[in-house]
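A.B. asks:
In this note's numbering, the protein residues as written are 236 to 409.
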């Protein structure tokens with residue numbers, strides 16, 4: 236069995252006057268959310284059993300920082316690829332766009348991790364989950380949250396329905 240973990244970046248600061256959206260760093264709350272994500276990623280009763288993963292991370296600063304603070308250097312991650320194609324700030328990115336980018340990095344031998352933006356992560360989970368994930372239904376995919384889907388281990392990830400096997404919301408909200 237392989238898994239796809241879908242993470243919305245942690246809470247970012249508002250854009251400073253004249254700054255580009257993709258340059259927004261994490262806020263103090265976002266950094267705390269990453270600490271919670273990292274603890275979950277390394278917990279044998281948490282996310283750890285769903286790795287190791289090949290990660291696809293949006294190139295925006297807040298997603299790169301979320302990945303670095305929450306996942307980089309842990310046994311959960313075996314490889315990472317940064318992508319301009321899944322950053323929402325320049326164009327609307329669809330779930331299909333993420334799947335196309337994932338197909339290019341999916342070795343079909345490891346699990347996968349996506350760290351990206353709303354509304355794309357919400358659409359991705361809604362498109363792929365066999366049954367709706369409660370955090371998506373109830374809260375619209377909060378910042379720093381994650382959903383894990385079980386994939387077939389002999390096929391690339393694609394537009395299909397997969398069971399939800401785990402959910403995580405930081406800030407003690409799940």
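Beta carbons: idealized from backbone N, C-alpha and C, even for Gly.
Work out the CA separation of residue 361 and residue 389 for me, nearest whole Å.
C.D. replies: Using only the alpha carbons, I get a separation of about 23 Å.
A.B. asks: Under the three-state reduction of DSSP, which class applies to residue 409: helix, strand or coil?
C.D. replies: Residue confidence is low: residue 409 scores 43 on pLDDT, short of 50, so the model does not pin down where it sits. Its coordinate-derived value is still stated next. Residue 409: coil per DSSP, three-state reduction.
A.B. asks: Quick one, are the C-beta atoms of residue 276 and residue 306 less than 7 Å apart?
C.D. replies: Cβ atoms of residue 276 and residue 306: closer than 7 Å.
A.B. asks: Judging by CA-CA distance, which residue of 384, 255 and 280 is the nearest neighbour of residue 346?
C.D. replies: Among 384, 255 and 280, the Cα nearest to that of residue 346 is on 384.
A.B. asks: What is the DSSP secondary structure of residue 335, reduced to helix, strand or coil?
C.D. replies: Residue 335 falls in the helix class under three-state DSSP.
A.B. asks: Have a look at residue 342 and residue 288 and give me their C-alpha separation to the nearest angstrom.
C.D. replies: Computed Cα separation, rounded: 10 Å.
A.B. asks: Mind listing, in chain order, the continuous alpha helix (DSSP H) runs of no fewer than 4 residues lying wholly within the stretch 321-373?
C.D. replies: As far as the stretch 321-373 is concerned, its whole alpha helix (DSSP H) runs of at least 4 residues are 330-340 and 355-363.
A.B. asks: Confirm, please, whether the CB-CB distance from residue 352 to residue 371 is below 7 Å.
C.D. replies: No, Cβ-Cβ distance for residue 371 and residue 352 is not below 7 Å.
A.B. asks: Can you name, in chain order, every residue of its own chain whose Cβ lies under 6 Å from the Cβ of residue 403, other than the five neighbours on each side?
C.D. replies: Only 275 and 381 meet the Cβ criterion.
A.B. asks: Between residue 247 and residue 265, how many whole angstroms is the CB-CB distance? I'm expecting something under 8 Å.
C.D. replies: Yes, they are in contact, since the Cβ atoms of residue 247 and residue 265 sit about 6 Å apart, within 8 Å.
A.B. asks: List the DSSP bridge partners of residue 403.
C.D. replies: For residue 403, which the question treats as bridged, DSSP gives the partners 381.
A.B. asks: For residue 330, collect the residues of the same chain with a Cβ closer than 6 Å to its Cβ; drop the 5 residues on either side in sequence, then sort them by chain order.
C.D. replies: Cβ neighbours of residue 330 beyond the five flanking positions: 358, 359 and 362.
A.B. asks: Tell me the rounded alpha-carbon separation between residue 280 and residue 401.
C.D. replies: Roughly 11 Å between the two C-alpha positions.
A.B. asks: How would you call residue 321, buried or exposed, if buried means at least 16 neighbouring beta carbons within 10 angstroms?
C.D. replies: By the neighbour-count rule (16 or more Cβ atoms within 10 Å), residue 321 is buried.
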